[in-house]
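What follows is one structure encoded as structure tokens, with my remarks underneath.
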């Protein structure tokens, strides 16, 4: 999970695609994927959400 979050922090364009539904997260459940998208949507510092 931390590697995915780190990747998304380094590639914010992917977060936008996740939010638009044009890409998906492989290896996470649907619930986990929604939580990641929510964290990035609501937080300026998404890594703090997971710590």
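Numbering (the UniProt record's numbering), first residue to last: 1 to 51.
Note that CB positions come from ideal geometry on N, CA and C, so glycine has one too.
message: Assuming residue 18 and residue 4 are in contact, meaning their beta carbons sit under 8 Å apart, how far apart are those beta carbons, in whole angstroms?
response: Along the chain shown, one-based indexing puts residue 18 at 18. Along the chain shown, one-based indexing puts residue 4 at 4. Wrong, their Cβ atoms sit about 11 Å apart, outside the cutoff.
message: If you reduce the DSSP assignment to three classes, tell me which class residue 33 lands in.
response: For the purposes of this step, residue 33 is taken as residue 33 along the chain shown, with counting starting at 1. Three-state result, residue 33: helix.
field: DSSP three-state assignment for residue 26, whether helix, strand or coil
entry: Indexing the chain shown from 1 puts residue 26 at position 26. Residue 26: coil per DSSP, three-state reduction.
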